[in-house]
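Following: one structure in structure tokens, then a few remarks.
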Amino acid sequence: VSAIRATIAGAPIEWMPVVMLVFLLSWRPWAAYAPRGSTAAVVGMGQTVLVMLGLLAPSMAHSAGFWAAITVLHFAWVLLAYHAADNHQYLIGYWCLAICLALLLGGDAGSWLLTTNGRLLIGLCFLWAVLAKLAARRYRDGSMFVYLLLTDPRFMMLSTMAGGASAADYRAHAWAARRVRTGECHEAAAPVTTRLQRVALGLTWWTTGVEVFVAALFLAPFPNLDGLRAISFLAFALPTYLLVAVPAFGQVLTLMLAATVSDISMRAYLVSAAVALTLLTFLPTHLMRLVEGYHRLQMRRRAVSCPDEPRSATLTRVS
Amino acid sequence: VASTALALVPAALLVAVALHQRRRMHTHDQNAWKGGGFGMFSDIHTGSVTALLSTADAAGVARDLFLELPAGARPSIVPTERNLRSWADEIITSRWTDHGGRAVLDREGDANKSLTVRRVIVRFARLDFDRRTGTHRASVHKKISVPASDKEGEAW
Numbered sequence: 092v093s094a095i096r097a098t099i100a101g102a103p104i105e106w107m108p109v110v111m112l113v114f115l116l117s118w119r120p121w122a123a124y125a126p127r128g129s130t131a132a133v134v135g136m137g138q139t140v141l142v143m144l145g146l147l148a149p150s151m152a153h154s155a156g157f158w159a160a161i162t163v164l165h166f167a168w169v170l171l172a173y174h175a176a177d178n179h180q181y182l183i184g185y186w187c188l189a190i191c192l193a194l195l196l197g198g199d200a201g202s203w204l205l206t207t208n209g210r211l212l213i214g215l216c217f218l219w220a221v222l223a224k225l226a227a228r229r230y231r232d233g234s235m236f237v238y239l240l241l242t243d244p245r246f247m248m249l250s251t252m253a254g255g256a257s258a259a260d261y262r263a264h265a266w267a268a269r270r271v272r273t274g275e276c277h278e279a280a281a282p283v284t285t286r287l288q289r290v291a292l293g294l295t296w297w298t299t300g301v302e303v304f305v306a307a308l309f310l311a312p313f314p315n316l317d318g319l320r321a322i323s324f325l326a327f328a329l330p331t332y333l334l335v336a337v338p339a340f341g342q343v344l345t346l347m348l349a350a351t352v353s354d355i356s357m358r359a360y361l362v363s364a365a366v367a368l369t370l371l372t373f374l375p376t377h378l379m380r381l382v383e384g385y386h387r388l389q390m391r392r393r394a395v396s397c398p399d400e401p402r403s404a405t406l407t408r409v410s
Numbered sequence: 006v007a008s009t010a011l012a013l014v015p016a017a018l019l020v021a022v023a024l025h026q027r028r029r030m031h032t033h034d035q036n037a038w039k040g041g042g043f044g045m046f047s048d049i050h051t052g053s054v055t056a057l058l059s060t061a062d063a064a065g066v067a068r069d070l071f072l073e074l075p076a077g078a079r080p081s082i083v084p085t086e087r088n089l090r091s092w093a094d095e096i097i098t099s100r101w102t103d104h105g106g107r108a109v110l111d112r113e114g115d116a117n118k119s120l121t122v123r124r125v126i127v128r129f130a131r132l133d134f135d136r137r138t139g140t141h142r143a144s145v146h147k148k149i150s151v152p153a154s155d156k157e158g159e160a161w
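Take a look at the structure:
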């Protein structure tokens with residue numbers, strides 16, 4: 092932390108370009124979609140080379156033209172990988188553009204621009220996330236989280252430990268979802284316990300509440316909210332990123348947050364937290380594998396004790 | 006004034022892209038999780054793209070095969086008619102074998118096993134889920150039929 096503290100003691104415009112390049116090289120966001128021989132792969136390779144050049148020549152990393160090139164290449168990749176690019180890839184692009192504009196202005200005005208954009212982009216990202224959630228009927232009535240808890244392996248730990256879901260529930264929903272997906276039938280049902288529905292509703296309204304709180308604090312034009320903003324962000328980030336392994340999203344948000352705080356110690360802790368998120372990625376993945384193993388064991392035990400047990404889902408056949 | 010205007014450029018771009026994504030969700034059935042609208046974890050993955058291949062083997066015996074597109078593929082995320090048709094064309098120009106009623110890419114090029122595709126029906130279905138009843142539902146929203154001899158095809 093002390094080494095990081097020394098690096099980021101200056102104004103955001105002085106340290107953010109280099110810190111962002113280090114993170115860009117570690118994320119390589121363009122690796123998410125780079126089929127061999129495609130234009131997307133060539134654009135991604137161009138970005139890698141440019142980022143490495145920027146790290147080797149710090150004067151280049153502090154030029155607006157360099158960041159304009161990074162931004163253009165990044166958005167070119169996003170366009171080519173439109174179906175594969177996650178929302179945080181867009182956020183990375185907006186942040187690269189903000190760094191470019193900050194360097195164009197330079198000095199205190201540049202740092203002000205970077206700080207303002209850190210707040211605005213985090214606030215708008217959470218605001219849109221809340222609006223998208225509230226606009227979706229399946230989110231509002233809790234169906235979205237019940238669906239994820241019963242079909243997405245990343246939520247298996249939560250659905251097993253808190254929701255009491257069994258391996259048979261997982262199998263029944265995977266089977267029902269597959270049947271309707273493949274057109275074998277129009278609808279298929281599998282059991283959902285009241286306990287699991289309660290967990291899903293809890294997740295639905297906790298997520299909405301915390302995201303509204305983060306959006307409001309970051310978009311509120313009041314000074315001296317650094318502490319509250321950091322706390323609200325941590326209240327969102329800790330449970331989210333311990334459960335779902337998307338470290339790059341957490342890292343870009345944490346870096347943007349670090350650019351907005353004036354206290355150097357807090358800034359250093361935030362940048363350290365961004366580094367730590369990479370190391371923490373293994374936790375949700377390994378917990379998920381542990382629960383998958385537990386479910387497999389449950390299924391084997393059940394197969395031995397009740398070999399003729401029928402599946403617990405009903406189907407409506409295509410007429 | 007100039008610096009304030011510059012400061013708003015990234016935020017304005019974020020809002021413009023997010024609005025565009027919301028519009029595409031309604032006009033093109035685009036997946037809520039992708040496209041810069043920050044709609045991840047706002048809905049289930051609502052689309053499923055499948056294909057029914059009418060094929061014939063070397064002896065001319067007809068066989069219908071089923072194929073499901075991976076959830077992350079372009080036509081699954083952005084199921085425009087153009088993307089669905091492009092997948093149908095890709096299917097027609099590839100070589101397939103029968104694997105228990107499912108179409109599998111013929112990588113070995115064995116003429117005895119290889120099947121000729123005569124027609125492809127690509128289907129996009131909207132998915133739904135109700136937590137109270139635990140019911141998974143699908144309703145077909147787009148269906149494109151492309152004959153191998155005439156890639157113009159028909160769309161319903």
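These protein sequence lines are chains A and B, in that order. With our numbering as the guide, the letters of the first sequence map in order to residues 92 to 410. With our numbering as the guide, the letters of the second sequence map in order to residues 6 to 161. Beta carbons are placed, not taken as given, at the ideal position from N, Cα and C, and that holds for glycine.
Beta-bridge partners of serine 53 of chain B (DSSP): B/Ala130. The beta carbon of leucine 215 of chain A falls within 9 Å of a beta carbon belonging to chain B, placing the residue at that interface. Contact with chain A is found for valine 145 of chain B, since one of that chain's Cβ atoms lies less than 9 Å from the residue's Cβ. Counting only Cβ-Cβ distances below 7 Å, aspartate 135 of chain B has contacts in chain A at Ser234, in chain order. Using a CB distance cut-off of 9 Å, glycine 274 of chain A counts as an interface residue toward chain B. The CB of glycine 105 of chain B never comes closer than 9 Å to any CB in chain A; the least such distance is about 13 Å.
For threonine 140 of chain B, the enclosing beta strand (DSSP E) has its first and last residue at 140 to 152. Note on geometry: alpha-carbon atoms of tryptophan 203 of chain A and leucine 147 of chain A lie some 27 Å from one another.
By the Cβ-count criterion, serine 129 of chain A is exposed, with fewer than 16 other Cβ atoms from all chains shown falling within 10 Å of its own Cβ. Counting of Cβ neighbours within 10 angstroms places glutamate 302 of chain A among the buried residues, the total reaching 16 or more. In the structure shown, threonine 345 of chain A falls within a helical segment according to DSSP collapsed to helix, strand and coil.
In the three-state reduction of the DSSP assignment, histidine 179 of chain A falls in the helix class.
Methionine 248 of chain A is positioned such that its CB atom lies closer than 9 Å to that of leucine 381 of chain A. Collapsing the DSSP output to three states places aspartate 115 of chain B in coil. Between tryptophan 296 of chain A and alanine 279 of chain A, the C-beta spacing is not below 9 Å.
Runs of alpha helix (DSSP H) with 4 or more residues, each lying fully within the segment 140 to 195 of chain A, are found at 149 to 152 and 155 to 171, listed in chain order. For arginine 393 of chain A, the enclosing alpha helix (DSSP H) covers residues 373 to 396. Short of 6 Å from the beta carbon of arginine 358 of chain A, and not among the five residues preceding or following it, lie these beta carbons of its own chain, in chain order: Ile99, Ala349 and Val352. For valine 109 of chain B, there is no enclosing alpha helix (DSSP H); the residue is part of the beta strand (DSSP E) that begins and ends at 107 to 110. In the structure shown, threonine 98 of chain B adopts helical secondary structure according to DSSP, grouped into three states. CA-to-CA, the gap between glycine 156 of chain A and glutamine 138 of chain A works out to about 14 Å. Taking 7 Å as the upper bound on Cβ-Cβ separation, chain B lies near no residue of the segment 323 to 336 of chain A. Excluding residues up to 5 positions away in sequence, nothing lies with its Cβ nearer than 8 Å to the Cβ of alanine 16 of chain B in the same chain. Among the CB atoms of chain B, one or more fall inside 9 Å of the CB of leucine 239 of chain A.
Under the DSSP assignment, aspartate 317 of chain A falls outside any beta strand (DSSP E), being part of the alpha helix (DSSP H) whose first and last residues are 317 to 334. The DSSP-derived three-state label of alanine 253 of chain A is coil. Counting along the chain, no alpha helix (DSSP H) covers alanine 76 of chain B, and no H or E run does either.
When 8 Å is used as the limit between beta carbons, asparagine 208 of chain A is near these residues of chain B: Ala12, Pro15 and Ala16, in chain order. Here phenylalanine 217 of chain A carries a helix assignment [DSSP, helix/strand/coil]. Under a criterion of Cβ atoms nearer than 8 Å, no residue of chain B is adjacent to tryptophan 296 of chain A; the nearest Cβ is some 13 Å distant. If you check the CB distance, leucine 74 of chain B and alanine 108 of chain B do not come in under 9 Å.
The beta carbon of valine 134 of chain A sits closer than 8 Å to the beta carbons of Trp121, Leu164, Ala167, Trp168 and Leu171 from its chain, once the five residues preceding and following it are set aside; these are given in chain order. Here the segment 62 to 79 of chain B does not lie against the segment 17 to 28 of chain B, with fewer than 3 beta-carbon pairs under 8 Å apart. Note on geometry: alpha-carbon atoms of leucine 329 of chain A and threonine 299 of chain A lie some 15 Å from one another. Serine 59 of chain B carries a strand assignment under DSSP once its states are collapsed to helix, strand and coil. Of A/Leu361, A/Tyr173, A/Gly293 and A/Gln342, the smallest CA-CA separation from tryptophan 118 of chain A is found for A/Gln342.
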